[in-house]
Amino acid sequence: MTIDIIDLNDPQFSDLNSLQLAMVRAAQAKKDDVLAKAHAEKKQLGYLLLANDNYRSHAREREGKAIDAQAELEISILREDLLHQLAYEALGTDGNEYGPYRYPENPNYNLTYAQRFLVVRNYYMEIESDAAARLAAFGADTLARSYLGEFYQTLYELFASYV
Numbered sequence: 059m060t061i062d063i064i065d066l067n068d069p070q071f072s073d074l075n076s077l078q079l080a081m082v083r084a085a086q087a088k089k090d091d092v093l094a095k096a097h098a099e100k101k102q103l104g105y106l107l108l109a110n111d112n113y114r115s116h117a118r119e120r121e122g123k124a125i126d127a128q129a130e131l132e133i134s135i136l137r138e139d140l141l142h143q144l145a146y147e148a149l150g151t152d153g154n155e156y157g158p159y160r161y162p163e164n165p166n167y168n169l170t171y172a173q174r175f176l177v178v179r180n181y182y183m184e185i186e187s188d189a190a191a192r193l194a195a196f197g198a199d200t201l202a203r204s205y206l207g208e209f210y211q212t213l214y215e216l217f218a219s220y221v
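Structure follows, in structure tokens:
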């Protein structure tokens, strides 16, 4: 997928986290859908005009420009929405009054349970290379039980499968 809804080389977008990149990919997919829909609509218009012997008329050009303008409007709305989502998501990533978010010292309770699952999994994958020791350490983690909720058992079974 080519991402062109925003410029990822721009310094403000150069260090997006995985959640933010997922937002960008979703917005890019929507943009691609808008462009594909506009292309199909212009093609259908061309067939209609061709069937009526008016393909080389100014109506095709005028209507084509109107379709393109509508698509550009939808894309600009998608882009603005993405920029607001990225700005809003970035507000909660720095930390709170206890310092920067970091599991287990200062867990981020603003994350969804699926995101918490990834944070805890990455934490244990980084601190322990031995699968058995990782499973034992995770099993002894009482914070993980409440922090992950029903995802705790899933992560436990994942770590157990590595042993």
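Going by our numbering, the first residue of the sequence shown is number 59, and it counts up by one from there.
Backbone N, C-alpha and C define an ideal beta-carbon position, used for all residues, glycine too.
- What distance in whole Å lies between the Cβ atoms of Arg174 and Phe209, which are believed to be in contact at a cut-off of 8 Å? Numbered from its first residue, the sequence shown carries residue 209 at position 151. Numbered from its first residue, the sequence shown carries residue 174 at position 116. Going by Cβ atoms, the distance from Phe209 to Arg174 rounds to 7 Å, so yes, they are a contact pair.
- Tell me whether Ile185 is buried or exposed, calling it buried when 16 or more other Cβ atoms sit within 10 Å of its Cβ. On the sequence shown, position 127 is the one that residue 185 refers to. Exposed, since its Cβ has fewer than 16 Cβ neighbours within 10 Å.
- What is the DSSP secondary structure of Asn164, counted as helix, strand or coil? Here residue 164 refers to the residue found at position 106 of the sequence shown. Note: Asn164 maps to strand in three-state DSSP.
- Query: In angstroms, rounded to a whole number, what distance separates the CA positions of Pro158 and Pro165?
  - Reply: The count along the sequence shown starts at 1 and reaches residue 158 at position 100. The count along the sequence shown starts at 1 and reaches residue 165 at position 107. Near 9 Å, if we compare the C-alpha coordinates of Pro165 and Pro158.
- Message: Let's test the definition: count the other Cβ atoms within 10 Å of the Cβ of Tyr167 and tell me whether it reaches 16, buried, or not, exposed.
- Response: Counting from 1 along the sequence shown, the entry for residue 167 is found at position 109. Exposed: under 16 other Cβ atoms inside 10 Å.
- Do the region 107–121 and the region 84–92 make contact, defined as three or more Cβ pairs closer than 8 Å? no
- Out of Gly122, Leu106, His142, Val178, point me to the one whose CA is closest to Val82's CA. By 1-based counting over the sequence shown, the position of residue 82 is 24. Nearest C-alpha to Val82: His142.
- Between Gly207 and the rest of its own chain, which residues show a CB-CB distance below 7 Å, the 5 nearest in sequence each way excluded? Numbered from 1 along the sequence shown, position 149 holds the residue referred to as residue 207. Cβ within range, chain order: Tyr171.
- Item | Inter-residue Cα distance where the pair is Ser219 and Ala127 | Your numbering for residue 219 matches position 161 in the sequence shown. Your numbering for residue 127 matches position 69 in the sequence shown. Computed Cα separation, rounded: 53 Å.
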